[in-house]
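Peer 1: Numbered per the numbering used here, the sequence shown spans residues 460 to 881.
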Amino acid sequence: MMINSSKLTKDIGWKLLSLVIAVGLWFTVINTENPLEMRSYTTTIQIQNQESLFERGYVVVNEDELTALRVTVKLRGQRLALDNLSKSSTKVQAIVDLENVIYSYDGNPITVPVSIVIPSVVNNSFEILSKSIQSVSIDLQPYVNEDFEIQPVVEHGTEESQELINAVASPASVTAYGAKSIINSIASVKAVVNATDLTDNTVLTAVPVAYDTDGKELKNVTFSVNEISVKVSMDDMKSVKLISGVEGDPADGYSISGIYLSPDNIDAAGEVNALKSLQQIELPNVDVSGATSNVTKQYELSDYLPDGIRVIGSEDTIKYVTVTIMVEKNAEKTFTISSDSITDNGTTPEGMIAQIDKENINITISGIQSVINNITADDIKAYVDLSKYSEGTYDNVQVQFDLPDGAALVQGNPIYITVTLS
460 MMINSSKLTK DIGWKLLSLV IAVGLWFTVI NTENPLEMRS YTTTIQIQNQ ESLFERGYVV
520 VNEDELTALR VTVKLRGQRL ALDNLSKSST KVQAIVDLEN VIYSYDGNPI TVPVSIVIPS
580 VVNNSFEILS KSIQSVSIDL QPYVNEDFEI QPVVEHGTEE SQELINAVAS PASVTAYGAK
640 SIINSIASVK AVVNATDLTD NTVLTAVPVA YDTDGKELKN VTFSVNEISV KVSMDDMKSV
700 KLISGVEGDP ADGYSISGIY LSPDNIDAAG EVNALKSLQQ IELPNVDVSG ATSNVTKQYE
760 LSDYLPDGIR VIGSEDTIKY VTVTIMVEKN AEKTFTISSD SITDNGTTPE GMIAQIDKEN
820 INITISGIQS VINNITADDI KAYVDLSKYS EGTYDNVQVQ FDLPDGAALV QGNPIYITVT
880 LS
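#1: Under 8 angstroms, do Ile824 and Lys792 count as touching if we go by C-beta distance?
#2: Under three-state DSSP, which class holds Leu880?
#3: Roughly how many angstroms lie between the CA atoms of Asn884 and Val782, to the nearest whole one?
#4: Under the three-state reduction of DSSP, which class applies to Ile489: helix, strand or coil?
#5: Touch check for the region 662-672 and the region 701-717: three-plus C-beta pairs under 8 angstroms?
#6: Excluding the five sequence neighbours on either side, which residues of its own chain have a C-beta within less than 6 angstroms of the C-beta of Pro572, listed in chain order?
#7: By Cβ distance below 6 angstroms, which residues in the same chain neighbour Gly749 in space, the five residues on each side in sequence not counted?
#8: Kindly indicate which residue of Tyr517, Phe682 and Ser511 has the alpha-carbon position closest to the one of Glu884.
#9: Which value, in whole angstroms, describes the spacing of the CA atoms of Asp565 and Thr672?
#10: Any idea if Gly637 is buried or exposed, counting beta-carbon neighbours within 10 angstroms, 16 or more meaning buried?
#11: Quick check on the DSSP output: the beta strand (DSSP E) that includes Ala813 runs from which residue to which?
#12: Are Tyr842 and Asp803 touching if we call contact CB-CB under 8 angstroms?
#13: Which whole-angstrom value is the C-beta distance of Ala628 and Val689, which I expect to be below 8 angstroms?
#14: With a 10 Å radius around its C-beta and 16 neighbouring C-beta atoms as the bar for buried, classify Asn872 as buried or exposed.
#15: Count the CB pairs spanning the region 677-687 and the region 639-646 that are closer than 8 angstroms, and state whether there are at least three.
#16: Report the residue from Leu623, Ser797, Pro568 and Pro765 whose alpha carbon sits nearest the alpha carbon of Lys840.
#17: Which of the three DSSP states, helix, strand or coil, is assigned to Asn789?
#18: With DSSP run on the structure shown, which of helix, strand or coil describes Val518?
#19: At what residues does the beta strand (DSSP E) containing Ile609 begin and finish?
#20: Determine the burial state of Phe607: buried for a count of at least 16 other Cβ atoms within 10 Å of its Cβ, exposed for fewer.
#21: Unbroken beta strand (DSSP E) runs of length 3 or more, entirely within the region 715-742: which are they?
#22: Taking Ile834 as the reference, which of Glu730, Asn567, Ala867 and Asp523 has the closest Cα?
#23: How far does the beta strand (DSSP E) with Phe860 in it extend, from its first residue to its last?
#24: Restricting to runs no shorter than 3 residues, where is the beta strand (DSSP E) found entirely within the region 650-677?
#25: Can you tell me whether Val869 is helix, strand or coil according to DSSP?
#26: Check Ala527 in the structure and name its three-state DSSP category.
#27: Since Tyr562 and Tyr517 should fall inside the 8 angstroms C-beta cutoff, what is the C-beta to C-beta distance between them, to a whole number of angstroms?
#28: Please list the terminal residues of the continuous beta strand (DSSP E) segment that includes Ala589.
#29: Hey, how far is the Cα of Ser574 from the Cα of Leu539?
#30: Quick one: grab the DSSP three-state call for Ser761.
#31: Distance check for Thr526 and Ser698, CA to CA, integer angstroms please.
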């Protein structure tokens with residue numbers, strides 16, 4: 460059938476106008492019912508592909524800080540699409556991707572951009588107008604390890620009973636893994652157990668925990684084992700003396716005036732039989748050869764404890780023992796002893812009277828200077844022994860002396876006096 464072309468072109472202007480009006484009305488309806496809008500979404504940062512850095516020996520130190528950050532994203536899109544996005548189970552994501560990060564450790568953090576990912580289930584296009592965080596600073600550090608001795612800690616009873624508890628950890632040490640700065644901050648690794656009903660040789664379990672010098676627990680540390688066995692027992696206690704001595708001689712003209720230990724005794728704890736055989740703890744002698752002043756030596760006490768014996772008390776006060784050998788210069792001093800001060804010391808035979816000639820005597824004593832300087836003539840006791848003499852006059856009775864501690868009579872000719880017994 461032939462179409463009359465005149466019919467198609469008839470009133471063509473009105474027809475085109477109608478088409479334009481129809482298209483305009485369609486856009487009006489669309490923009491009225493589903494207009495373009497701006498909407499904000501808030502999300503947290505996700506770090507992806509950390510394993511790629513871990514394989515190269517690095518770890519993110521500030522992961523907790525980063526994943527706590529909230530990013531606000533402003534999108535533009537049609538209302539219905541934005542509504543669908545809000546209803547989607549997969550939300551807008553803020554991604555920090557570490558897969559292609561090139562890094563060489565120099566101690567400084569690196570900057571990585573934050574990428575916005577919109578769920579693919581929403582089949583619409585959106586324009587990202589802005590994001591509140593453009594990039595983040597990643598603190599990367601070498602992933603290292605170090606061995607630490609396990610310190611078993613038993614929470615039980617009073618402070619007094621606590622000190623008698625003996626705890627042994629198995630294994631005795633563990634390997635700690637983590638970021639370099641964290642591992643370097645570890646001051647101790649402890650296994651803490653609670654022994655409310657303590658019986659001898661109780662075995663308990665605990666997880667290893669790392670602490671810094673302030674006693675604060677360190678996070679993001681992993682260990683070679685996840686569980687520590689702690690064997691707990693109750694020890695006996697006794698006080699034990701510490702002793703030391705000297706070897707060698709001081710320089711000429713000097714003498715040893717004393718030996719002092721700090722502390723000089725300890726409270727030792729251990730198994731009953733081990734304590735019974737422990738009477739004292741001997742520390743090495745201190746060499747004073749050629750010394751002209753005090754000689755001090757410090758010993759780590761644990762090096763000299765018998766097996767199975769430990770010290771009770773603060774580690775600050777009993778970890779070391781200080782031995783001080785007092786070395787002083789010698790001195791001599793001469794005294795005049797009055798004959799009136801010479802006694803018979805009760806040795807005159809019964810029924811007799813002793814008469815000592817009125818003649819003073821001189822003696823010289825020696826010793827360390829601090830002792831000699833404090834001695835007076837009154838401190839020196841002179842006497843004669845008359846127990847073997849009979850009546851008569853004797854001019855060869857030897858005088859003897861009692862001297863203060865630390866003083867000695869300078870060797871010389873004996874001193875004689877005349878005594879008459881009647």
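Idealized CB from N, CA, C, for every residue including glycine.
Peer 2: On the basis of the supplied data:
#1: Against a cut-off of 8 angstroms, the Cβ pair of Lys792 and Ile824 comes out as a contact.
#2: Here Leu880 sits in strand by DSSP.
#3: Absent from the structure is residue 884, since the part of the chain shown begins at 460 and ends at 881.
#4: No answer about Ile489 holds up, because its pLDDT of 48 lies below 50 and its placement is not dependable.
#5: No, the region 662-672 is not in contact with the region 701-717.
#6: Ser594
#7: Ala710
#8: Because the chain is modelled from 460 through 881, residue 884 falls outside the range shown and cannot be assessed.
#9: 26 angstroms
#10: buried
#11: Ala813 to Ile815
#12: Against a cut-off of 8 angstroms, the Cβ pair of Asp803 and Tyr842 comes out as a contact.
#13: 6 angstroms
#14: exposed
#15: yes
#16: Ser797
#17: strand
#18: strand
#19: Leu599 to Glu614
#20: buried
#21: 724-729 and 739-741
#22: It is Ala867.
#23: It spans Gln859 to Asp861 - the beta strand (DSSP E) in which Phe860 sits, taken as one unbroken run.
#24: Segments of the beta strand (DSSP E) lying fully in the region 650-677: 661-665 and 667-670.
#25: coil
#26: coil
#27: Right, their Cβ atoms sit about 6 angstroms apart.
#28: Here residue 589 is Ser; the residue named in the question, Ala, does not match the sequence. Ser589 -> beta strand (DSSP E) spans Glu586 to Lys590.
#29: 24 angstroms
#30: helix
#31: Roughly 57 angstroms between the two C-alpha positions.
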